[in-house]
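Quick note: the sequence shown uses the working numbering, first residue 1, plus one each step. We put the beta carbon where it would ideally sit given N, CA and C, even for glycine. Below you'll find the structure, written out as structure tokens, and then a few comments.
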Amino acid sequence: MKKQILILGIVIIAFVLTAFTVFKKDIKDVAPTQITTTETEDVIYGPKEHDPIIKNEVFEDFIYEIGTRFMPIKKSVVINAKKLKDVYDIETLNSMKTLQAVRLLKVVNDRQQDLNLAGTTTTFTTEQLNYLQTLDYGDNIVFRTEFIDKYSGGYNYSTPHHTIVPDVQAQYSEGFKALKAYFKDQTETVRQDVDPKQLKAGKLYFTVTKTGDIENIHLDHSSNYPKVDRQLIKLLKDLPSTWTPAKDENGNTVDQELVISFGLMGC
Numbered sequence: 001m002k003k004q005i006l007i008l009g010i011v012i013i014a015f016v017l018t019a020f021t022v023f024k025k026d027i028k029d030v031a032p033t034q035i036t037t038t039e040t041e042d043v044i045y046g047p048k049e050h051d052p053i054i055k056n057e058v059f060e061d062f063i064y065e066i067g068t069r070f071m072p073i074k075k076s077v078v079i080n081a082k083k084l085k086d087v088y089d090i091e092t093l094n095s096m097k098t099l100q101a102v103r104l105l106k107v108v109n110d111r112q113q114d115l116n117l118a119g120t121t122t123t124f125t126t127e128q129l130n131y132l133q134t135l136d137y138g139d140n141i142v143f144r145t146e147f148i149d150k151y152s153g154g155y156n157y158s159t160p161h162h163t164i165v166p167d168v169q170a171q172y173s174e175g176f177k178a179l180k181a182y183f184k185d186q187t188e189t190v191r192q193d194v195d196p197k198q199l200k201a202g203k204l205y206f207t208v209t210k211t212g213d214i215e216n217i218h219l220d221h222s223s224n225y226p227k228v229d230r231q232l233i234k235l236l237k238d239l240p241s242t243w244t245p246a247k248d249e250n251g252n253t254v255d256q257e258l259v260i261s262f263g264l265m266g267c
């Protein structure tokens, strides 16, 4: 028995020595792994970020409206008006339970001037009728009414602003839609980097003469961006198409003043 144990022990020792020799030889045959260290600040986690790309942004909500300063009303309608219904919208008239006052106000340089021409009925007074006869193309008037509202039962008022116009207004040969598109396209460069917070409502006036020429171009309100203002004035002077002049109730050509509202929407 002891002899068998001794033989088994010798076999185990021999096996261990053989395995150790082979393992040691394998280690010598394998080239050591090269470990490269990197400084902490050079390590990048995730995709590499680049500096922001600076682009010239164009403010696309920049608007162009072409027409009269306020809601147009024909001179022939005004000088022939006898009652409020001749110049007022039906919806507002129908909302009046009791009419308290009708006042005529003139607008000059965007300021209302009370003409002390007041009435209390839907029929214009003699003084009011006489004043309406004096109005000419381009004049601005407010028909102010004060009344008790039929629906709320309380005090209310209405102040529609109108600009006196010829029976047939001046027209651009390509249409106002095309004219707006032209202004928008041709001012894109100068509108780069326009800050909406700094933008204002610009007003550029001009007259279409009875011969279809453009005269009396003047900037009434700046957009707060002079380069935009200057470009628009230049474009207005060099339009690619022509104008058809306005006509009065007798078919005669007459001058008409129009305004280009641009920048932000304003009063």
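For residue 185, the enclosing alpha helix (DSSP H) covers residues 176–186. As DSSP reads the structure, residue 149 sits in a beta bridge with 96. Residue 262 is positioned such that its CB atom lies no closer than 9 Å to that of residue 212. Residue environment analysis places residue 157 among the exposed positions, since fewer than 16 neighbouring C-beta atoms fall within 10 angstroms of its C-beta. In this model, residue 124 and residue 63 are separated by some 38 Å (Cα to Cα). Ranking 70, 81 and 252 by CA distance to the CA of residue 167 puts 252 first.
Under the DSSP assignment, residue 163 falls outside any alpha helix (DSSP H), being part of the beta strand (DSSP E) whose first and last residues are 161–165.
Separation of residue 132 and residue 189 (C-alpha to C-alpha, rounded to the nearest whole angstrom) is 46 Å. Across the set 117, 126 and 163, the C-alpha of 163 shows the shortest separation from the C-alpha of residue 139.
The residue among 107, 191, 235 and 146 with its C-alpha nearest the C-alpha of residue 179 is 235. Under the Cβ criterion (8 Å, minimum of three pairs), the stretch 82–95 counts as touching the stretch 140–156. Exposed is the label assigned to residue 111, since fewer than 16 other Cβ atoms lie within 10 Å of its Cβ. Residue 239 sits in coil when the DSSP states are folded into three classes, being neither helix nor strand. Going by DSSP, residue 156 is part of no alpha helix (DSSP H) but of the beta strand (DSSP E) stretching over 155–158. Closest in alpha carbon position to residue 126, among 113, 141 and 83, is 83. Looking at the DSSP output, residue 206 shares a beta bridge with 258.
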